Amino acid sequence: MSAPARTESLAELERLVAALIARGHITEAELATQQASTDRASPENGARMVARAWLNPEWRAMMLNSGTKAAEAIGVNMVGAPPLGVLEDTPGRHHIVVCTLCSCYPRAVLGYPPHWYKSFSYRSRVVREPRAVMAEWGHPLPDNVELRVVDSTADFRWMVLPMRPAGTEGWTEDQLAALITRDVLVGVALPKLPA
Amino acid sequence: MTPRFAPGTPVLVKNDWPEERGPCHIRTPHYLRGRSGRVERVLGAFPNPEDLAFARPAEKRVLYHVVFDQPAIFTDGVPTDHLLVEIFEHWLEAA
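Going line by line, the protein sequences match chains B and P. In the working numbering, each residue's number is its place in the first sequence (first place is 1) plus 868. In the working numbering, each residue's number is its place in the second sequence (first place is 1) plus 389.
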């Protein structure tokens, strides 16, 4: 949680916006469009994309080829956003995403990053001992599964396409999407059926 | 822009430390400098962030996904595990 905005910082922001508009750098309409797309950014977008990939092989192939296209296909505005890549988990391979240099995160499809994603402890530990991090969070990974830690260092943003859990045969897209949390899309958790 | 390295090619990350020579903005993590890996795939070409960060004209450079064995980098790693990292071509040499 961030601290509430102070009156003086709000006044400063208003002066900045007014100056940018006055000098023709942005328009009110562009600002409104950007604000709407920021407000719409949420892990529900990523969850929808994954649920559809579990149900539809063609969609899955399209999404693995270009996460950006898949996001646009569910109505996410990706104009100006970095390219989105999708990491496919298989029975023998699991992915975890981190940005050791800063906090690169696929905001358009996952929303705002959680505080731990930006913490020094997550960023330094998950590259050296990812299995310990997963185990501490209640998701120990079997020894025969390869773990790939994806360090998001440059122009791409990454999300995980997890394995569909057993016991979800015949489920609808909405039911499946409800299983997919932000943490699952980062790869630090696995989809779990409700008890 | 033709990539110099094809998927599967063994590569070495340059053991270079521009940080010691002055202000810079480098997207190659310290823990990979001087380490060897393998090109997983070509991700495209992007303006060089080392120039972009200083508002200089930035030429496009090829960006790769490079895979590294985890225990070679971190001794507390597990042999089955890997690191997958975006590295620009000018940071890579043929291994």
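All residues carry an ideal CB built from backbone N, CA and C; glycine is no exception. None of these values were measured; they are calculated from a predicted model.
Length of the line joining the Cα atoms of residue i and residue j
{"i": "M869/B", "j": "D957/B", "result": "Unreliable positioning characterises M869/B in this predicted model, as indicated by a pLDDT of 47, which lies under 50. The coordinate reading is nonetheless provided below. About 31 angstroms."}
{"i": "D470/P", "j": "P460/P", "result": "8 angstroms"}
{"i": "T968/B", "j": "G935/B", "result": "22 angstroms"}
{"i": "V1054/B", "j": "P446/P", "result": "34 angstroms"}
{"i": "E482/P", "j": "A909/B", "result": "39 angstroms"}
{"i": "A976/B", "j": "L1009/B", "result": "28 angstroms"}
{"i": "T1021/B", "j": "E880/B", "result": "32 angstroms"}
{"i": "W927/B", "j": "L884/B", "result": "43 angstroms"}
{"i": "A484/P", "j": "L441/P", "result": "28 angstroms"}
{"i": "R450/P", "j": "D1023/B", "result": "11 angstroms"}
{"i": "H479/P", "j": "P1030/B", "result": "33 angstroms"}
{"i": "E1037/B", "j": "W406/P", "result": "53 angstroms"}
{"i": "E997/B", "j": "V1018/B", "result": "13 angstroms"}
{"i": "V954/B", "j": "A929/B", "result": "10 angstroms"}
{"i": "L1061/B", "j": "G433/P", "result": "38 angstroms"}
{"i": "A444/P", "j": "A1000/B", "result": "41 angstroms"}
{"i": "R891/B", "j": "M946/B", "result": "26 angstroms"}
{"i": "E940/B", "j": "A886/B", "result": "31 angstroms"}
{"i": "S877/B", "j": "A1063/B", "result": "46 angstroms"}
{"i": "G943/B", "j": "G411/P", "result": "44 angstroms"}
Which residues DSSP lists as bridging residue i, in chain order
{"i": "A483/P", "result": "V400/P"}
{"i": "Y453/P", "result": "V431/P and I476/P"}
{"i": "Y1004/B", "result": "A quick correction: the sequence has Glu, not Tyr, at residue 1004/B. The partner list for E1004/B (beta bridge, DSSP) is empty, contrary to what the question assumes."}
{"i": "H962/B", "result": "L1015/B"}
{"i": "P436/P", "result": "K449/P"}
{"i": "W1026/B", "result": "G953/B"}
Selection from the options that minimises the alpha carbon distance to residue i
{"i": "V1013/B", "options": "P950/B, N924/B and H962/B", "result": "H962/B"}
{"i": "A1034/B", "options": "D1042/B, L1047/B and W1026/B", "result": "L1047/B"}
{"i": "T1040/B", "options": "K986/B, R1025/B, I964/B and A915/B", "result": "A915/B"}
{"i": "P399/P", "options": "V431/P, L421/P, H414/P and S425/P", "result": "S425/P"}
{"i": "Y990/B", "options": "G953/B, G1006/B, H1007/B and S971/B", "result": "S971/B"}
{"i": "F435/P", "options": "R427/P, Y453/P and A444/P", "result": "Y453/P"}
{"i": "A395/P", "options": "D465/P, R427/P, N437/P and A444/P", "result": "R427/P"}
{"i": "A921/B", "options": "P872/B, L1061/B and V1028/B", "result": "V1028/B"}
{"i": "F457/P", "options": "P392/P, P418/P, E409/P and H414/P", "result": "P418/P"}
{"i": "E1004/B", "options": "A904/B, Y980/B, A1057/B and P911/B", "result": "A1057/B"}
{"i": "P959/B", "options": "T1049/B, R1032/B and Q1043/B", "result": "R1032/B"}
{"i": "L1044/B", "options": "I894/B, E876/B, E912/B and R1016/B", "result": "E912/B"}
{"i": "D1051/B", "options": "R999/B, W984/B, A1063/B and R993/B", "result": "W984/B"}
{"i": "P1059/B", "options": "V918/B, A897/B and T875/B", "result": "V918/B"}
{"i": "V995/B", "options": "E896/B, L888/B and I964/B", "result": "I964/B"}
{"i": "C413/P", "options": "V455/P, N437/P and E475/P", "result": "N437/P"}
{"i": "E439/P", "options": "R416/P, V402/P and G466/P", "result": "R416/P"}
{"i": "V402/P", "options": "L421/P, V431/P, E409/P and I462/P", "result": "L421/P"}
{"i": "D465/P", "options": "P872/B, T895/B and S992/B", "result": "S992/B"}
Proximal residues of chain B, C-beta to C-beta of residue i below 8 angstroms
{"i": "P412/P", "result": "Per Cβ cutoff of 8 angstroms: no residues; P412/P is ~16 angstroms from chain B at best."}
{"i": "V474/P", "result": "V1018, D1019 and T1021"}
{"i": "F394/P", "result": "Within 8 angstroms Cβ-Cβ: nothing; F394/P doesn't reach chain B, min ~16 angstroms."}
{"i": "D501/P", "result": "Nothing about residue 501/P can be read from this structure; chain P reaches only from 390 to 484."}
{"i": "L481/P", "result": "Result: empty, since nearest Cβ-Cβ is about 13 angstroms, beyond 8 angstroms."}
{"i": "R416/P", "result": "L969, T1021 and A1022"}
{"i": "F443/P", "result": "Ordered by position in chain B, no residue passes the 8 angstroms Cβ test against F443/P, which lies about 17 angstroms from the chain."}
Neighbouring residues, chain B, relative to residue i (Cβ below 9 angstroms)
{"i": "L452/P", "result": "A1022, D1023 and F1024"}
{"i": "P438/P", "result": "A1022 and D1023"}
7 angstroms Cβ cut-off: residues of chain B touching residue i
{"i": "D465/P", "result": "R996 and E997"}
{"i": "L432/P", "result": "F1024"}
{"i": "P446/P", "result": "The contacting residues do not exist; P446/P stays about 17 angstroms from chain B at best."}
Q.
Which residues of the region 985–998 of chain B have a Cβ closer than 8 angstroms to any Cβ of chain P? Give them in chain order.
A. Taking 8 angstroms as the Cβ-Cβ cut-off against chain P, the residues of the region 985–998 of chain B that qualify are V995, R996, E997 and P998.
Q: With 9 angstroms as the C-beta to C-beta threshold (strictly closer), list the residues of the region 965–980 of chain B near chain P in chain order.
A: Listed in sequence order: T968 and L969.
Q | Residues, ordered as in the chain, of the region 1014–1027 of chain B that lie near chain P by beta-carbon distance below 8 angstroms | A | Listed by position, the residues of the region 1014–1027 of chain B near chain P (Cβ gap below 8 angstroms) are E1014, L1015, R1016, V1017, V1018, D1019, S1020, T1021, A1022, D1023 and F1024.
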